[in-house]
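A.B. asks: In this text, residue positions in the sequence shown follow the numbering used here: the first is 2, and each later residue adds one.
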Amino acid sequence: MVNTEEFVQRLEKILKYYGLSASAFADKIAVQRSTISHLLSGRNKPSLEFVLKVVKSFPEVNLYWLLNGKGTFPTVQKETAAPHSTEIVSSTEYPSNSKTIKKIIIFYEDGCFEVFNKNAGQ
2 MVNTEEFVQR
12 LEKILKYYGL
22 SASAFADKIA
32 VQRSTISHLL
42 SGRNKPSLEF
52 VLKVVKSFPE
62 VNLYWLLNGK
72 GTFPTVQKET
82 AAPHSTEIVS
92 STEYPSNSKT
102 IKKIIIFYED
112 GCFEVFNKNA
122 GQ
């Protein structure tokens with residue numbers, strides 16, 4: 002569950018970082034201006050579609066940071082040996098022995114998704 006008040010603070014940080022007004026931000030991610038107004042005022046909660054538009058339009062915005070404040074903003078990208086490729090670097094580290102992945106869900110831009118379960122096929 003996303004904490005709306007904290008989400009709004011992160012959204013305001015994005016606006017400030019890019020030097021965008023709420024209306025310019027709405028235009029950039031292709032949502033109605035009232036959507037941004039309602040989010041910033043706390044009237045509405047962010048939809049999955051809204052979050053995905055933000056992450057797609059602004060590659061420096063880390064999905065996990067936007068949703069729950071974990072990770073970094075802006076995401077640091079450093080050049081690798083191959084031209085035009087980047088490596089995403091995040092300061093969030095998870096000790097390998099403290100958590101076990103149970104399920105991974107990948108959402109595609111066309112609305113499809115895949116689910117990978119740890120115990121599938123065993």
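No residue lacks a Cβ here, since even glycine has one placed at the ideal position from N, Cα and C.
Using DSSP with H/G/I as helix, E/B as strand and the rest coil, what is Asn118?
C.D. replies: By one-based count along the sequence shown, residue 118 stands at place 117. Three-state result, Asn118: strand.
A.B. asks: For Tyr95, which residues from the same chain have a beta carbon less than 6 Å from its beta carbon, with the 5 sequence-adjacent residues on both sides left out?
C.D. replies: Here residue 95 is taken as the residue at index 94 of the sequence shown, counted from 1. With a pLDDT of 49 at Tyr95, under the threshold of 50, the predicted position of this residue should be treated as unreliable, though the coordinate-derived value follows. For Tyr95, where only same-chain residues beyond five positions count, there are no Cβ hits under 6 Å.
A.B. asks: When the Cβ atoms of the segment 45 to 57 are set against those of the segment 16 to 25, are three or more pairs found closer than 8 Å?
C.D. replies: Because the criterion of three Cβ pairs below 8 Å is not met, the segment 45 to 57 and the segment 16 to 25 do not touch.
A.B. asks: Measure how close the beta-carbons of Val32 and Phe59 come, nearest whole angstrom, since I'm counting them as under 8 Å.
C.D. replies: Counting from 1 along the sequence shown, the entry for residue 32 is found at position 31. Counting from 1 along the sequence shown, the entry for residue 59 is found at position 58. Actually they are not in contact, since the Cβ atoms of Val32 and Phe59 sit about 13 Å apart, beyond 8 Å.
A.B. asks: Going by beta-carbon coordinates alone, are Ala25 and Leu41 separated by less than 8 Å?
C.D. replies: In the sequence shown, residue 25 corresponds to position 24, counting from 1. In the sequence shown, residue 41 corresponds to position 40, counting from 1. Their beta carbons are not under 8 Å apart, which means Ala25 does not touch Leu41 by this criterion.
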